[in-house]
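Okay, so here's the structure we're looking at.
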Amino acid sequence: MNTTPLTEAHEALGARMTDFAGTRMPLQYPTGIAQEHIAVREAVGVFDVSHMAELRISGAGALELLRFALLNDAAKLRVGRAHYTMIPNDSGGLIDDAYLYHLREHDWLVVANAANRGAVAERLSSLASGRDAVEVRDVSDLWSLLAVQGPGAAVLLDRLIDADLTAVRKNDTLSAGFAASPVRLARTGYTGEDGFELFVRPADVVEVWNAVTAAGAVPCGLGARDSLRLEAGFPLFGHELGPASDPRCTPFGWVVKDKAFAGREAYGEASCARRLVGLRLLGRGIARQGYRVLKNGAHVGDVTSGTISPLTRDSIAFAWLDAELAEPGSEVAVEIRAQQVSATLVEPPFFRPDARVS
Amino acid sequence: MNIPETLRYARTHEWVSEPEGGVVTVGVSDFAQDQLGDVVFVELPSVGQTVAAEDAVAVVESVKTASDIYAPVSGTITEVNDALEQAPEAINEAPYQAGWLFRIEATDSAEREGLLDAAAYRAACEEES
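If you read the sequences in order, they're chains A and B. Per this note's numbering, the first sequence starts with residue 53, numbered consecutively. Per this note's numbering, the second sequence starts with residue -2, numbered consecutively.
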């Protein structure tokens, strides 16, 4: 199994480790998932996400390739900006979701899920072959990645980074210095809070991690990463999205721009037998991937992710649901270990700032 | 790993107190609560319910997973810890005190003797981790 330069640091902190897409990653620290989640919502947390895949696309032909390979429109992404995107396959579904960063002219970075690194590299390379002036390189091993997230993230990093962070807007990306180390910074993240992602040389990441944690960022693992993204209404490939998912049948359909893209023929006209919806359970229980959604005893949907929000104690979930039932406010039942628990449809995100119990 | 000497343990990680007037208290061990993570829900048996040793009688649900809890001895449920409805985290914070789950009036005192003592349970946990 792969490790990251921070594996020893996580273990020294007493993290419970897990095998995540072939890399040994921290699931949680002794703090626990709930407290880590709360730290990100109320203060600042730091995640080692070095397992993610990074693909570098460069050359004068890179823009055309990216416009064709990705659903969101790379032509709208100016230098120094980043956006959420998806990679369609040839059968009307998806290879992955991803983030695209326009680093400098003719120089782009695609950050994709660790589990799909091979498939994404293969897709981009194969679409690039035969094209002039574009090169696709898998640079995943050349980068370590930290996410510093929470309302306190900007104040914390401002003391450590030489850039003026007040001038960095959400989705901006730039090169900066972190003490003696060059870093690429982006005001992006997967938690729904303000925050930054730091692309760091592997040789420098231990020092950056130590400086960030010494400054007060709470180490957070993959467990909190998942409960945060779910509460924020973000999908996870392999749960909400997959090889057969049409993004136009989800709340993320805005990613699909009206332009040519690889695999467009298989997409055809949007026709959604099922839609991806948010659920809030009205009774006790946690909805988990694979649980059935029922209406009057009929099987009308399937849960893709679920958790309890540590702050509101709401039990929330995503599910694919028969389209005619997919109206906010509609009531269904989730089958949890032979019990039917009522749930109501809600539009993500799932925050209810007025409902915080702590 | 906290494993009090006065208790007995099932391989399935339930602890059993010494009997008081024939009634034992049952909960899950420190090892179990650590494995489970933050507990969010508990489904307890009903007072008056008859249980046999190794019956699944309760469920402890954490963000990660739901775990069945097995009666470590046979008997009748005399009391359940209602406070866990509002404060399930007591199982994580004080698994041997405020986090107790239920009490059983045991029908066969020999069953408790057949469970693991602290040393044997510690060894069993080490094997598992």
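Note that beta-carbon positions come from the ideal geometry of N, C-alpha and C, so glycine has one too.
Here's the rule I'm using: 16 or more other beta-carbon atoms within 10 Å means buried, otherwise exposed. How should V77/B be labelled? To locate residue 77/B, count along the second sequence from 1; it is residue 80. Buried is the call here.
Just to confirm the assignment, what range does the alpha helix (DSSP H) spanning A238/A have? Sequence index remark: in the first sequence, residue 238/A carries index 186 (1-based). No alpha helix (DSSP H) contains A238/A, which is instead part of the beta strand (DSSP E) from S233 to A238.
Classify L288/A as helix, strand or coil using the three-state DSSP reduction. The residue given as residue 288/A occupies position 236 in the first sequence. Residue state, collapsed to three classes: coil.
Residues within the region 272 to 283 of chain A neighbouring chain B, beta-carbon criterion of under 8 Å: G275 and S279
Cα separation between S410/A and T364/A? The count along the first sequence starts at 1 and reaches residue 410/A at position 358. The count along the first sequence starts at 1 and reaches residue 364/A at position 312. Residue confidence for S410/A is low, a pLDDT of 45 falling below 50, so the modelled location carries little weight and cannot support an answer.
Quick one: is I368/A near chain B, going by C-beta distance under 7 Å? One-based indexing of the first sequence puts residue 368/A at position 316. No - not a single Cβ of chain B is within 7 Å of the one on I368/A.
Residues in the region 83 to 112 of chain A with C-beta within 7 Å of chain B's C-beta atoms, listed in sequence order? G84, I85 and A86
Indicate the three-state DSSP secondary structure (helix, strand or coil) for P295/A in the structure shown. In the first sequence, residue 295/A corresponds to position 243, counting from 1. Reduced to three states, the DSSP call for P295/A is coil.
Chain A contacts made by the region 24 to 49 of chain B, where a contact means CB separation under 7 Å: G34, D35, V37 and F38
Extent of the continuous alpha helix (DSSP H) to which D149/A belongs: In the first sequence, counting from the first residue as 1, residue 149/A sits at position 97. Run containing D149/A: none in the alpha helix (DSSP H); it sits in the beta strand (DSSP E), L146 to R156.
Could you check how far apart the C-beta atoms of A284/A and G204/A are, in whole angstroms? I think they sit under 8 Å. Counted from its first residue, the first sequence places residue 284/A at position 232. Counted from its first residue, the first sequence places residue 204/A at position 152. 17 Å between Cβ atoms; not a contact.
Quick one: grab the DSSP three-state call for D259/A. As a working mapping, residue 259/A is identified with position 207 in the first sequence. The question names Asp, but residue 259/A in the sequence shown is Glu. It is helical.
Can you say whether T137/A is buried or exposed, counting buried as having 16 or more other CB atoms within 10 angstroms of its CB? As a first step, residue 137/A must be located in the first sequence, where it is residue number 85. It is buried - the Cβ of T137/A has at least 16 other Cβ atoms within 10 Å.
Give the single residue among R389/A, G132/A and T302/A whose Cα lies nearest to the Cα of V345/A. The sequence position of residue 345/A within the first sequence is 293, counting from 1. Of the candidates R389/A, G132/A and T302/A, the one whose C-alpha sits nearest the C-alpha of V345/A is R389/A.
Would you say the region 185 to 195 of chain A touches the region 107 to 119 of chain A, given that touching needs at least three Cβ pairs under 8 Å? yes
Mind listing which residues of the region 58 to 70 of chain B have their C-beta closer than 9 Å to chain A's C-betas, in chain order? For the region 58 to 70 of chain B, the set of positions with a beta-carbon nearer than 9 Å to some beta-carbon of chain A reads E58, S59, V60, K61, T62 and A63 in chain order.
Rounded straight-line distance, which links the Cα of Q30/B to that of V132/B: Any question about residue 132/B goes unanswered here, given that chain B covers just -2 to 126.
Residues in the region 378 to 408 of chain A with C-beta within 8 Å of chain C's C-beta atoms, listed in sequence order? No chain C is present in this structure, whose protein chains are A and B.
Can you tell me which of G145/A, Y153/A, M104/A and A185/A puts its alpha carbon nearest to the alpha carbon of K128/A? On the first sequence, residue 128/A is found 76 positions in, with the first residue counted as 1. Among G145/A, Y153/A, M104/A and A185/A, the Cα nearest to that of K128/A is on Y153/A.
Do you know offhand how far V200/A's Cα is from L250/A's? In the first sequence, the residue the question calls residue 200/A occupies position 148. In the first sequence, the residue the question calls residue 250/A occupies position 198. V200/A and L250/A: Cα-Cα distance of roughly 8 Å.
Stretch-stretch touch, CB-based, cutoff 8 Å, three pairs: the region 37 to 52 of chain B with the region 66 to 86 of chain B: yes
Kindly say whether T359/A, judged by its beta-carbon, lies nearer than 7 Å to any beta-carbon of chain B. Against the first sequence, residue 359/A aligns to sequence position 307. So, interface residue.
Inter-residue CB distance, A206/A and D246/A (contact presumed, cutoff 8 Å): On the first sequence, position 154 is the one that residue 206/A refers to. On the first sequence, position 194 is the one that residue 246/A refers to. At roughly 6 Å, the Cβ-Cβ gap stays under 8 Å, so A206/A and D246/A are in contact.
Taking only beta-carbon positions, decide if R332/A is within less than 7 Å of chain B. Start at 1 with the first residue of the first sequence, and residue 332/A comes out as number 280. No, no contact with chain B.
Rounding to the nearest angstrom, what Cα-Cα distance links G290/A and F402/A in this structure? Here residue 290/A is taken as the residue at index 238 of the first sequence, counted from 1. Here residue 402/A is taken as the residue at index 350 of the first sequence, counted from 1. Distance between the alpha carbons of G290/A and F402/A is about 20 Å.
Less than 6 Å between C-beta atoms, sequence neighbours within five positions excluded: which residues of the same chain meet that for S126/B? As a working mapping, residue 126/B is identified with position 129 in the second sequence. Result list for S126/B: empty, nothing under 6 Å.
Output, in chain order, the set of chain B residues within a Cβ distance shorter than 7 Å of R344/A. Residue numbering aside, residue 344/A sits at position 292 when the first sequence is read from its first letter. Within 7 Å Cβ-Cβ: nothing; R344/A doesn't reach chain B, min ~16 Å.
Quick check on this structure: which residue in P78/A, Y319/A and V101/A has the alpha carbon closest to the alpha carbon of V252/A? Taking the first residue of the first sequence as 1, we reach residue 252/A at position 200. For V252/A, the nearest C-alpha among the options comes from V101/A.
How should E376/A be labelled, buried or exposed, when 16 other C-beta atoms within 10 angstroms of its C-beta is the threshold for buried? For the purposes of this step, residue 376/A is taken as residue 324 along the first sequence, with counting starting at 1. E376/A is exposed by the Cβ-count criterion.
At a CB-CB cut-off below 8 Å, which residues of chain B make contact with G337/A? As a working mapping, residue 337/A is identified with position 285 in the first sequence. Correct list: F38 and E58.
Where A390/A falls: helix, strand or coil (DSSP): Locating residue 390/A in the first sequence gives position 338, where the first residue counts as 1. Coil at A390/A, not helix or strand.
How is the beta strand (DSSP E) around G72/B delimited, first residue to last? The count along the second sequence starts at 1 and reaches residue 72/B at position 75. It spans G72 to V77 - the beta strand (DSSP E) in which G72/B sits, taken as one unbroken run.
Considering only their Cβ atoms, is the gap separating L212/A from A263/A smaller than 7 Å? Here residue 263/A corresponds to residue number 211 of the first sequence, with the count starting at 1. Here residue 212/A corresponds to residue number 160 of the first sequence, with the count starting at 1. A contact, by the Cβ cut-off of 7 Å.
Can you tell which of G353/A, T359/A and P400/A has the C-alpha that lies nearest to the C-alpha of A386/A? To locate residue 386/A, count along the first sequence from 1; it is residue 334. In the sequence under discussion, the amino acid at residue 386/A is Val, which differs from the Ala named in the question. Considering only alpha carbons, the answer is G353/A.
Where N168/A sits in the DSSP three-state scheme: In the first sequence, residue 168/A corresponds to position 116, counting from 1. N168/A: helix per DSSP, three-state reduction.
Neighbourhood of E108/B by C-beta distance below 7 Å, restricted to the same chain and skipping five residues each side: Position 111 of the second sequence, counted from the start, is the residue given in the question as residue 108/B. The answer, listed in chain order, is A50, V70 and S71.
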